[in-house]
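**Q**
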Amino acid sequence: MYEIELLINGRPFRGAAEARTTLADFLRHTLRLTGTHLGCEHGVCGACTVLVDGVSARSCLMLAVQADGAIVETVEGLAEHDGTLHPLQQAFRDAHGLQCGFCTPGMLMTLVELLRETPHPSEDEVRDAISGNICRCTGYQSIVDATLAVAGAAGTEGSEP
Amino acid sequence: MKPPPFAYFRPGTLDEAIAILGRTENAKVLAGGQSLMAMLNLRYVFPDALVDINDLFELSGIEIAPERIRIGAMTRQRRIELDAELYEAMPIFRDALKLVGHRQTRNRGTIGGSLCHLDPASELPTLALLLDAGIETAGPAGVRRIPVGEFITGYMMPGIGPDEIVTAIEFAPWSVAHGHAFHEFARRHGDFAVASAAVMVERDRQGVVTRCAIAIGGIGSVPQRHGAGETALTGSDGGPDAIAAALESCAGLDILGDFHGGPDYRLSVARTMLRRSLTAALARASERTQQA
Numbered sequence: 001m002y003e004i005e006l007l008i009n010g011r012p013f014r015g016a017a018e019a020r021t022t023l024a025d026f027l028r029h030t031l032r033l034t035g036t037h038l039g040c041e042h043g044v045c046g047a048c049t050v051l052v053d054g055v056s057a058r059s060c061l062m063l064a065v066q067a068d069g070a071i072v073e074t075v076e077g078l079a080e081h082d083g084t085l086h087p088l089q090q091a092f093r094d095a096h097g098l099q100c101g102f103c104t105p106g107m108l109m110t111l112v113e114l115l116r117e118t119p120h121p122s123e124d125e126v127r128d129a130i131s132g133n134i135c136r137c138t139g140y141q142s143i144v145d146a147t148l149a150v151a152g153a154a155g156t157e158g159s160e161p
Numbered sequence: 001m002k003p004p005p006f007a008y009f010r011p012g013t014l015d016e017a018i019a020i021l022g023r024t025e026n027a028k029v030l031a032g033g034q035s036l037m038a039m040l041n042l043r044y045v046f047p048d049a050l051v052d053i054n055d056l057f058e059l060s061g062i063e064i065a066p067e068r069i070r071i072g073a074m075t076r077q078r079r080i081e082l083d084a085e086l087y088e089a090m091p092i093f094r095d096a097l098k099l100v101g102h103r104q105t106r107n108r109g110t111i112g113g114s115l116c117h118l119d120p121a122s123e124l125p126t127l128a129l130l131l132d133a134g135i136e137t138a139g140p141a142g143v144r145r146i147p148v149g150e151f152i153t154g155y156m157m158p159g160i161g162p163d164e165i166v167t168a169i170e171f172a173p174w175s176v177a178h179g180h181a182f183h184e185f186a187r188r189h190g191d192f193a194v195a196s197a198a199v200m201v202e203r204d205r206q207g208v209v210t211r212c213a214i215a216i217g218g219i220g221s222v223p224q225r226h227g228a229g230e231t232a233l234t235g236s237d238g239g240p241d242a243i244a245a246a247l248e249s250c251a252g253l254d255i256l257g258d259f260h261g262g263p264d265y266r267l268s269v270a271r272t273m274l275r276r277s278l279t280a281a282l283a284r285a286s287e288r289t290q291q292a
């Protein structure tokens, strides 16, 4: 077993994991952070996407031991402590960017990365960014709409998400 | 599913990594993990040990010199895609990398890992073959530089020893006026290609093709150079007859059928991809030659 310490959403966490434990299982089972979802477990569906040291990664294709010392961001870190939704979450809600919600954590974390890099993406850039995230409910249109809405809103207020 | 149990090593130096590989039976090198981790989760592979080389920072980086470009094996695909200087010298890398998986996998996936996985449909081995790259390895006997044609020994079989590690890929850049294109067809964005065609060409001011390289991926057990197509183009005016001859001679390539379709289907897709790539690369070469 390996002792793993990491910073998740600004809070320090520690736990023990076997070498073969993926980061996704470590987050969900050991640390009980079940906001990150696991779909296919082979890197295709994108549900388990988290940010590791600022960049998006499939948490099913990383070992927990590889994240020792890393800064990890998950969907649990998006909303404010008082429950106020992140602007992207609010836009998803407003535009019906989710139905069952299974893909949503991966969609949100991927789009958070996109909007940090590209605060005002084109529709093509949004669609390219989420090309590795499978949604079986929405047909993607409402997800794209939500992202473009929040990107537009961020621009008019002069702040970046 | 979950990976089977294995021992885990994370060496801090290349020498240490080679020593561990030398004394450990049935060990696999873990680079970006974007193929190996999936294969472990699916229990397609059962290594007794993983040697994680993510701490070998010296294996990461892009060096661009007039005669030679060197990309470290652990350079992440996303970094290669976004590198402005490499884009200036060899824009085909960005075209090819946009087709590799998705941004989340390119953030971790490495060029060395992709070369060693050697899926016949993956873009980076096809590109390495197109550019006559040298694959640099380090092992107990020292450093070797393997021509890509010898590195690709068969279906998913890189020509390196069990105690060797790929450290870099090197190739000579083409002239500033070259034309390039990389087209592929996949059932969904980011999937492995049914067929891909990578093309590099140079033309003189009269439009005569002075140099041409073509690599076809996805259709056979390994990526292949299309020598007959290169011969048809080189010395020609790059017009419809030369392109038709290059497409016709695709029939001589090694083509396998699979669940996407039989060999005839894949040949047809390969021809379409090659026609698109040749047309785009020839036009770009003309444009850049006029500008130069």
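One line per chain: the protein sequences are A and B, in this order. So that you can map any letter, position 61 of the first sequence is 61 in full-length UniProt numbering, and since no number is skipped, the others follow by simple counting. So that you can map any letter, position 232 of the second sequence is 232 in full-length UniProt numbering, and since no number is skipped, the others follow by simple counting. We treat Cβ as the ideally placed atom computed from N, Cα and C, and that holds for glycine. All values reported here derive from a predicted model rather than from experimental measurement.
What alpha helix (DSSP H) runs, 4 residues minimum, are completely inside the stretch 25-98 of chain A?
**A** Segments of the alpha helix (DSSP H) lying fully in the stretch 25-98 of chain A: 87-94.
**Q** In chain order, what residues of the same chain have a beta carbon less than 8 Å from the beta carbon of E160 (chain A), not counting five sequence neighbours either side?
**A** Locating residue 160 (chain A) in the first sequence gives position 160, counting from the first residue. With a pLDDT of only 45 at E160 (chain A), under the threshold of 50, the placement of this residue in the model should not be trusted; the figure read from the coordinates follows. Answer for E160 (chain A): L115, R116, P119, A154, listed in chain order.
**Q** Alpha carbon to alpha carbon, how far is S122 (chain A) from G152 (chain A)? Give it in angstroms, no decimals.
**A** Within the first sequence, residue 152 (chain A) is the residue found at index 152, counting from 1. Within the first sequence, residue 122 (chain A) is the residue found at index 122, counting from 1. Roughly 10 Å separates the two Cα atoms.
**Q** Using beta-carbon positions only, say whether G257 (chain B) and R271 (chain B) come within less than 9 Å of one another.
**A** As a working mapping, residue 257 (chain B) is identified with position 257 in the second sequence. As a working mapping, residue 271 (chain B) is identified with position 271 in the second sequence. No, these two residues do not count as a Cβ contact at 9 Å.
**Q** Grab the span of the alpha helix (DSSP H) containing Y87 (chain B) for me, first residue to last.
**A** Position 87 of the second sequence, counted from the first residue, corresponds to residue 87 (chain B). Segment 84-89, the alpha helix (DSSP H) holding Y87 (chain B).
**Q** Leaving out five residues on either side along the sequence, give the residues of the same chain with a beta carbon under 6 Å from the beta carbon of T104 (chain A).
**A** Here the question's residue 104 (chain A) lines up with position 104 in the first sequence. Only L98 meet the Cβ criterion.
**Q** Shortest alpha-carbon distance to D95 (chain B) belongs to which of B:A198, B:A242, B:C250, B:T13?
**A** Translated into the one-based positions of the second sequence, residue 95 (chain B) becomes position 95. Comparing Cα positions, the closest option is B:A198.
**Q** Would you mind reading off the limits of the alpha helix (DSSP H) that contains A281 (chain B)?
**A** In the second sequence, counting from the first residue as 1, residue 281 (chain B) sits at position 281. Run containing A281 (chain B): 263-291, per the alpha helix (DSSP H) assignment.
**Q** I'd like to confirm the pairing. Which residues does DSSP put opposite E184 (chain B) in its beta bridges?
**A** As a first step, residue 184 (chain B) must be located in the second sequence, where it is residue number 184. B:S196, per the DSSP bridge assignment.
**Q** Scan the stretch 113-159 of chain B and note each continuous alpha helix (DSSP H) run of 4 residues or more that stays entirely inside, going in chain order.
**A** Counting only runs of 4 or more, we get 123-130, 148-151.
**Q** Taking Cβ-Cβ distances shorter than 7 Å, what residues in chain A pair up with F6 (chain B)?
**A** As a working note, residue 6 (chain B) is residue 6 in the second sequence. What F6 (chain B) touches in chain A: A19, R20.
**Q** Output, in sequence order along the chain, the residues in the stretch 38-54 of chain A whose CB is closer than 7 Å to any CB in chain B.
**A** Residues passing the 7 Å Cβ filter: E41, H42, G43, G46, T49.
**Q** Could one say the Cβ of Q224 (chain B) lies closer than 9 Å to chain A's Cβ atoms, at least one of them?
**A** The residue given as residue 224 (chain B) occupies position 224 in the second sequence. No, Q224 (chain B) lies away from the interface with chain A (no Cβ there is under 9 Å from its Cβ).
**Q** Tell me residue 177 (chain A)'s beta-bridge partners as DSSP assigns them.
**A** The question about residue 177 (chain A) has no answer here: the residues shown for chain A are numbered 1 through 161.
**Q** Does DSSP put I69 (chain B) in a helix, in a strand, or in coil?
**A** Residue mapping note: residue 69 (chain B) aligns to position 69 of the second sequence, counting from 1. It is a strand residue.
**Q** Does A79 (chain A) come within less than 9 Å of chain B when only Cβ atoms are used?
**A** One-based indexing of the first sequence puts residue 79 (chain A) at position 79. By this cut-off, A79 (chain A) is not an interface position.
**Q** For my contact list, N54 (chain B) and Q66 (chain A) are in at a C-beta cut-off of 8 Å; report their separation, rounded to the angstrom.
**A** Numbered from its first residue, the second sequence carries residue 54 (chain B) at position 54. Numbered from its first residue, the first sequence carries residue 66 (chain A) at position 66. The Cβ separation is near 6 Å, so the contact holds.
**Q** Apart from the five residues just before and just after G227 (chain B), which ones in its own chain have a Cβ nearer than 6 Å to its Cβ?
**A** Translated into the one-based positions of the second sequence, residue 227 (chain B) becomes position 227. Around G227 (chain B): no qualifying Cβ.
**Q** Quick check for students: name the residue ranges of the beta strand (DSSP E) that lie wholly in the stretch 7-33 of chain B, counting only runs of 3 or more.
**A** With a minimum length of 3 residues, the continuous beta strand (DSSP E) runs that stay inside the stretch 7-33 of chain B are 7-9, 27-30.
**Q** Which residues of the stretch 47-70 of chain B have a Cβ closer than 7 Å to any Cβ of chain A? Give them in chain order.
**A** For the stretch 47-70 of chain B, which is checked against every Cβ of chain A, the residues closer than 7 Å are D52, N54.
**Q** When you compare each of B:P173, B:Q291, B:H178, B:M1 to A38 (chain B) by their alpha carbons, which one comes out closest?
**A** The sequence position of residue 38 (chain B) within the second sequence is 38, counting from 1. When each option's Cα is compared against that of A38 (chain B), the closest is B:M1.
**Q** Quick check on the DSSP output: the beta strand (DSSP E) that includes E170 (chain B) runs from which residue to which?
**A** Counted from its first residue, the second sequence places residue 170 (chain B) at position 170. Here the beta strand (DSSP E) through E170 (chain B) covers 165-171.
**Q** I need the boundaries of the beta strand (DSSP E) containing I62 (chain B), first residue and last residue.
**A** On the second sequence, position 62 is the one that residue 62 (chain B) refers to. Residues 62-64.
**Q** Could you check if L59 (chain B) is buried or exposed, using at least 16 other CB atoms within 10 Å of its CB as the buried criterion?
**A** Along the second sequence, one-based indexing puts residue 59 (chain B) at 59. It is buried - the Cβ of L59 (chain B) has at least 16 other Cβ atoms within 10 Å.
**Q** Whole angstroms is fine: what's the gap from D15 (chain B)'s alpha carbon to T30 (chain A)'s?
**A** By one-based count along the second sequence, residue 15 (chain B) stands at place 15. By one-based count along the first sequence, residue 30 (chain A) stands at place 30. Straight-line Cα distance between these residues: approximately 35 Å.
**Q** Please confirm whether S35 (chain B) and G109 (chain B) have their CB atoms less than 9 Å apart.
**A** As a first step, residue 35 (chain B) must be located in the second sequence, where it is residue number 35. As a first step, residue 109 (chain B) must be located in the second sequence, where it is residue number 109. For S35 (chain B) and G109 (chain B), yes; Cβs fall inside 9 Å.
**Q** Measuring CA to CA, which of B:G149, B:R288, B:I216, B:S249 is closest to A177 (chain B)?
**A** In the second sequence, residue 177 (chain B) corresponds to position 177, counting from 1. Minimum Cα distance to A177 (chain B) is reached at B:R288.
**Q** Using a Cβ-Cβ distance under 9 Å, would L42 (chain B) count as near chain A?
**A** In the second sequence, the residue the question calls residue 42 (chain B) occupies position 42. At least one chain A Cβ lies under 9 Å of L42 (chain B).
**Q** Using 8 Å as the Cβ pair cut-off and three pairs as the minimum, do the stretch 82-91 of chain A and the stretch 14-29 of chain A touch?
**A** Cβ pair count under 8 Å is below three, so no.
**Q** Can you give the beta carbon distance from G33 (chain B) to L61 (chain A), rounded, assuming they're within the 8 Å contact cut?
**A** Here residue 33 (chain B) refers to the residue found at position 33 of the second sequence. Here residue 61 (chain A) refers to the residue found at position 61 of the first sequence. Contact flag correct, Cβ pair sits at about 5 Å.
**Q** With a threshold of 9 Å between beta carbons, is N133 (chain A) in contact with chain B?
**A** Along the first sequence, one-based indexing puts residue 133 (chain A) at 133. By this cut-off, N133 (chain A) is an interface position.
**Q** Could you tell me the distance, in whole angstroms, from the CA atom of F57 (chain B) to the CA atom of L274 (chain B)?
**A** Along the second sequence, one-based indexing puts residue 57 (chain B) at 57. Along the second sequence, one-based indexing puts residue 274 (chain B) at 274. Cα-Cα distance, rounded: 37 Å.
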